[in-house]
Every structure is written in structure tokens, then in C-alpha cells.
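*Asks:* When we follow my numbering, the leftmost residue of the sequence shown carries the number 1, and every step to the right adds one. Sharing a structure, written as C-alpha cells. Questions coming.
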Amino acid sequence: MHFFESKLLGSPLLPLAWLYGGVVRAHSALYRSGILKQQRVNALVVSVGNVTVGGTGKTPFTAWLARELANRGVNVGIVSRGYGRKSRGTVVVSNGKQILADVYESGDEPQLLALKTPGVPVIADEDRSRGCREAERHFDCTALLLDDAFQHHRLHRDVDIVLVNAQVGFGNAYLLPAGPLREPLRALRRASQIVLTHCHSLEQAPELVAQIRRRSSAPLSCADYTFTGLISPSGRRKSVDWLRGKRVVAVAGIANPHSFFQTLTRLEAVVTHTAAFVDHHWYTRRDVARVRRLVRETCAQAVVTTEKDLVRLTPLLGDDTHDWLALEAELLPNPTFRLNWNNLIEQWQEASQIASTG
Numbered sequence: 001m002h003f004f005e006s007k008l009l010g011s012p013l014l015p016l017a018w019l020y021g022g023v024v025r026a027h028s029a030l031y032r033s034g035i036l037k038q039q040r041v042n043a044l045v046v047s048v049g050n051v052t053v054g055g056t057g058k059t060p061f062t063a064w065l066a067r068e069l070a071n072r073g074v075n076v077g078i079v080s081r082g083y084g085r086k087s088r089g090t091v092v093v094s095n096g097k098q099i100l101a102d103v104y105e106s107g108d109e110p111q112l113l114a115l116k117t118p119g120v121p122v123i124a125d126e127d128r129s130r131g132c133r134e135a136e137r138h139f140d141c142t143a144l145l146l147d148d149a150f151q152h153h154r155l156h157r158d159v160d161i162v163l164v165n166a167q168v169g170f171g172n173a174y175l176l177p178a179g180p181l182r183e184p185l186r187a188l189r190r191a192s193q194i195v196l197t198h199c200h201s202l203e204q205a206p207e208l209v210a211q212i213r214r215r216s217s218a219p220l221s222c223a224d225y226t227f228t229g230l231i232s233p234s235g236r237r238k239s240v241d242w243l244r245g246k247r248v249v250a251v252a253g254i255a256n257p258h259s260f261f262q263t264l265t266r267l268e269a270v271v272t273h274t275a276a277f278v279d280h281h282w283y284t285r286r287d288v289a290r291v292r293r294l295v296r297e298t299c300a301q302a303v304v305t306t307e308k309d310l311v312r313l314t315p316l317l318g319d320d321t322h323d324w325l326a327l328e329a330e331l332l333p334n335p336t337f338r339l340n341w342n343n344l345i346e347q348w349q350e351a352s353q354i355a356s357t358g
């Protein structure tokens with residue numbers, strides 16, 4: 001992420017960024033003009049996305065929304081692209097009763113969503129409109145959550161939630177590949193709600209709030225992580241307090257692995273070694289052997305990784321999983337904004353009931 005924070009380092013790539021921006025603007029204009037037609041489904045459609053590359057918390061926030069809607073009796077489903085998966089087309093990852101696809105077929109994010117939202121069907125499909133129709137046809141879904149679909153113009157959404165990581169903001173504010181932006185910041189005008197993640201209050205990020213306000217009048221709120229425990233591949237759980245004073249090897253293949261390593265330190269773990277991989281890295285047996293060697297060499301008591309990493313690691317661990325743990329995390333709106341979100345979810349509940357009779 002340091003490269004994307006520097007205007008100096010990004011400047012040589014600006015010609016490519018301008019070319020990329022032209023393609024993005026043309027694609028968006030084709031849908032705005034009606035030359036390319038948006039597809040619609042009967043269900044209420046809520047997208048959780050962002051305007052930058054890198055982790056903003058889309059998957060855990062989607063999981064929280066799905067559980068909130070399901071707890072209110074809404075027949076909700078989740079549709080995700082399944083970035084990096086080894087399959088194509090429509091894959092039913094979970095029917096709401098059991099997980100039907102492995103992580104290689106589904107991708108890590110749909111697999112994690114299926115684990116974190118029991119009772120909710122999860123579908124992976126690069127064509128989100130096709131995935132939504134599948135959810136309506138086979139699971140009678142009246143509300144659909146799209147994980148990472150803010151740039152998916154092909155499908156009409158009723159609500160667009162945009163997450164922004166308050167720790168990194170928009171970096172140097174350049175488009176890819178010179179910066180972290182997937183599309184120009186004026187795209188924030190399309191947002192229905194904007195959520196600053198890794199954030200306690202709006203006063204914590206005044207410059208970022210000002211940047212957003214210059215481009216969007218959408219309601220702003222904050223959400224932050226709560227760490228609820230540690231979980232092993234077999235489902236065995238430990239309290240977060242277990243980490244205090246424990247020697248651990250930290251492993252992360254996410255957008256910002258160093259943030260995860262810092263979290264373990266804040267939780268008072270003694271991190272003996274860190275192993276960082278690129279986001280969505282497909283681990284190999286050699287990677288696992290290397291980590292196990294680090295555990296022995298540093299006399300560590302466990303390997304601690306993220307939930308998303310653990311779903312990719314588990315198929316390679318065999319029976320020797322007793323010292324592999326993932327830090328369970330929930331991304332929740334801060335208490336100040338919780339009533340507003342409860343009201344929003346109730347509105348979506350009513351809208352989904354209308355959709356079911358429409």
C-alpha cells in the first residue's frame with residue numbers, strides 16, 4: 001500500500017492510469033445512456049463494495065448484514081464473484097443447510113461467507129445478475145447481498161454501500177495502476193451509504209470525511225472490527241485472551257497483511273515471525289512446510305492467520321492442525337450509528353416483503 005500512497009512513485013504510471021480511466025468512464029457512460037441495458041431481478045438488491053483496491057472489510061460487513069436480515073425472517077441470499085476461484089460460471093457454495101463446494105471451486109470469500117452465515121444460501125458467479133436469478137429461482141430469495149459489486153453496472157442495485165478504509169483513505173487518489181482507485185472519486189455520487197471502516201468516529205478522519213463530502217452527500221457512518229475468538233480448522237475455539245504472552249508465527253495473504261500483524265501485537269501475542277503473501281494467495285504444500293519450520297525454529301506455540309487465509313490453508317494441513325488458528329473478526333457499525341443501521345435494515349425487510357409479492 002505504500003506505493004499507492006505516494007504521488008511521486010505513482011506519477012510515472014499516470015499515462016496508463018489515464019487510459020484506464022478512459023475505459024472506466026466509457027463503460028459507465030454506456031450504461032448511463034442506456035446503450036447497454038441494466039438487468040433487474042425481483043429481489044431487493046444491496047451491494048457492498050468500494051472504490052479502491054485492497055481490504056476495506058466488504059466480506060465481514062456483508063456477513064453481518066446477511067445475519068441481521070436473516071434474523072428478521074428475510075429470505076436473504078449472497079452472491080459473490082468468487083475472485084481467484086478455479087471454476088467458472090454459477091457455483092452454489094451453500095444451500096443454507098450445508099456447504100456444497102470446496103474453496104477451489106468457490107473462492108476464499110464465498111467460502112468464508114458460507115461459514116459465517118449459516119442458513120443463508122451463497123452463490124459464486126462472475127455474472128452477478130445470473131447468480132441473482134439462480135438465488136431467486138432455487139432459494140426463493142427476496143433480498144440479495146452482492147459482495148464487491150459497486151463497479152458491476154450490468155445489474156441494477158437498489159442500495160449501494162461503499163466501504164472506505166479510514167486508515168489508508170484513497171491513497172494518492174490516482175487511478176490504477178498509478179494509485180489504488182478502481183474508478184474516479186466522483187463515482188461516490190452513486191453511493192447510497194458510505195461507511196468508514198477501521199474507524200471509531202467521523203472526527204477521527206476529518207480530512208477523509210472532507211474528501212468524501214466534496215463528492216457525495218450520502219449518509220456517512222463508521223464501523224470497526226471486533227475480535228471474537230480464535231478458531232481451528234476443526235472448529236475448536238479459544239478466547240482471544242489466549243493470545244496474551246503466546247509465541248506465534250503470523251501468516252497473512254490479504255491486501256494489508258501488516259495491519260493483521262499489528263493487530264496480533266496489540267492483542268499481546270509475541271509474534272516470533274511474520275509470513276506475508278499477496279492477497280488471495282493460493283498456498284502450496286511448500287508454503288505450509290516453510291511455516292511449520294518457522295514454528296519449530298522459533299519455538300512458537302501456534303500459527304495464527306486470518307479467517308480468509310485459513311479456508312485456503314485447511315485443504316493442505318492434513319490431520320496436523322492442532323496449532324493452526326484463525327483470528328475471528330466481525331466488522332460492525334459503531335454504537336453511535338447502530339440505530340440508523342437498524343432502521344435501514346428494517347426498511348430493507350419491508351422492501352423485500354414487497355418484492356416477494358411483486
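The C-beta atom is built at its ideal place from N, Cα and C for all residues, glycine as well.
Label Ile354 either buried or exposed according to how many other C-beta atoms from any shown protein chain fall within 10 Å of its C-beta, with 16 as the threshold for buried.
*Replies:* exposed
*Asks:* State the DSSP-derived secondary structure class of Ser6, mapped to helix, strand or coil.
*Replies:* Ser6 falls in the coil class under three-state DSSP.
*Asks:* Going by beta carbon distance, what residues of the same chain come within less than 6 Å of Val46, once the five residues before and after it are set aside?
*Replies:* Leu145 and Val159
*Asks:* In its own chain, which residues sit with a C-beta less than 7 Å from the C-beta of Tyr31, not counting the 5 before and 5 after it?
*Replies:* If we look at Tyr31 and ignore the five residues flanking it on each side, its Cβ neighbours are Gln38 and His153.
*Asks:* Is the region 65-80 touching the region 127-135 in the sense that three or more CB pairs, one from each, lie closer than 8 Å?
*Replies:* yes
*Asks:* Fully enclosed by the region 44-126, which beta strand (DSSP E) runs are 3 residues long or longer?
*Replies:* 44-49, 76-80, 91-95 and 121-124
*Asks:* Apply the 10 Å Cβ neighbour rule to Leu8 and answer buried if 16 or more other Cβ atoms are within range, or exposed otherwise.
*Replies:* exposed
*Asks:* Could you check if Asn343 is buried or exposed, using at least 16 other CB atoms within 10 Å of its CB as the buried criterion?
*Replies:* exposed
*Asks:* Does the Cβ-Cβ distance between Val291 and Val303 come in under 8 Å?
*Replies:* yes
*Asks:* Does His273 come out as helix, strand or coil in the three-state DSSP assignment?
*Replies:* strand
*Asks:* Going by the beta-carbon positions, is the gap between Thr298 and His273 smaller than 8 Å?
*Replies:* yes
*Asks:* So Ala143 packs on Val162, CB below 8 Å; how close in whole Å?
*Replies:* Contact doesn't hold; Cβ gap of about 19 Å is too wide.
*Asks:* Measuring CB to CB, does Leu325 end up less than 8 Å from Lys238?
*Replies:* yes
*Asks:* Give me the residue from Ala351, Asp108, Val92 and Ala17 with the minimum Cα distance to Ser121.
*Replies:* It is worth fixing the name first, because residue 121 is Pro in this sequence and not Ser. It is Val92 whose Cα lies nearest to the Cα of Pro121.
*Asks:* Alpha carbons only, please: which of Gly169, Leu19 and Val23 is nearest the one belonging to Thr56?
*Replies:* Gly169
*Asks:* In this structure, how does DSSP classify Phe227 when only helix, strand and coil are distinguished?
*Replies:* Residue state for Phe227 is assigned as strand, using DSSP reduced to three classes.
*Asks:* DSSP state of Lys308, grouped into three classes?
*Replies:* Residue state for Lys308 is assigned as helix, using DSSP reduced to three classes.
*Asks:* Where does Trp341 sit, in a helix, a strand or coil, going by DSSP?
*Replies:* Of the three classes helix, strand and coil, the one that applies to Trp341 here is helix, per DSSP.
*Asks:* I'd like to know if the region 194-201 and the region 275-291 are in contact, where contact means that at least 3 CB-CB pairs between them fall below 8 Å.
*Replies:* no
*Asks:* Are there 16 or more other CB atoms within 10 angstroms of the CB of Thr117, so buried, or fewer, so exposed?
*Replies:* buried
*Asks:* Can we say the region 219-229 touches the region 328-348, given the rule of at least three CB pairs closer than 8 Å?
*Replies:* Because the criterion of three Cβ pairs below 8 Å is met, the region 219-229 and the region 328-348 touch.
*Asks:* Would you tell me roughly how many angstroms separate the C-alpha atoms of Phe3 and Gly54, rounded to the nearest one?
*Replies:* 13 Å
*Asks:* Asn75: buried (16+ other C-beta within 10 angstroms of its C-beta) or exposed?
*Replies:* buried
*Asks:* Below 8 Å on the Cβ atoms is my guess for Val103 versus Pro315; work out the distance and round it to an integer in Å.
*Replies:* 7 Å
*Asks:* Out of Arg236, Val270, Leu13 and Ala218, which one is the CA nearest neighbour of Leu176?
*Replies:* Leu13
*Asks:* Would you kindly work out how many angstroms separate the C-alpha atoms of Ser106 and Ile99, rounded to a whole number?
*Replies:* One C-alpha to the other measures close to 10 Å.
*Asks:* Go ahead and pull the three-state DSSP assignment for Trp282.
*Replies:* coil
*Asks:* Quick check on this structure: which residue in His156, Pro15, Phe260 and Leu243 has the alpha carbon closest to the alpha carbon of Val251?
*Replies:* Nearest option by C-alpha distance: Phe260.
*Asks:* Starting from Trp18, trace the beta strand (DSSP E) in both directions and tell me its first and last residue.
*Replies:* That residue, Trp18, is in no beta strand (DSSP E); its alpha helix (DSSP H) goes Leu14 to Arg32.
*Asks:* Kindly indicate which three-state DSSP category Gln193 falls into: helix, strand or coil?
*Replies:* Note: Gln193 maps to strand in three-state DSSP.
*Asks:* From what residue to what residue does the beta strand (DSSP E) around Ala252 run?
*Replies:* Arg247 to Ala252
*Asks:* In angstroms with no decimal places, state the Cα-to-Cα distance between Arg338 and Pro60.
*Replies:* 16 Å
*Asks:* Can you find the residues in the same chain that come closer than 7 Å, C-beta to C-beta, to Gln111, ignoring five residues on each side of it along the sequence?
*Replies:* Val93, Val103 and Val311
*Asks:* Which first and last residues belong to the beta strand (DSSP E) in which Leu146 is found?
*Replies:* Ala143 to Asp147
*Asks:* In three-state DSSP terms, what is Pro333?
*Replies:* strand
*Asks:* Where does His281 land, buried or exposed, given buried means 16+ other C-beta within 10 angstroms?
*Replies:* Looking at its Cβ environment, which holds 16 or more other Cβ atoms inside 10 Å, His281 is buried.
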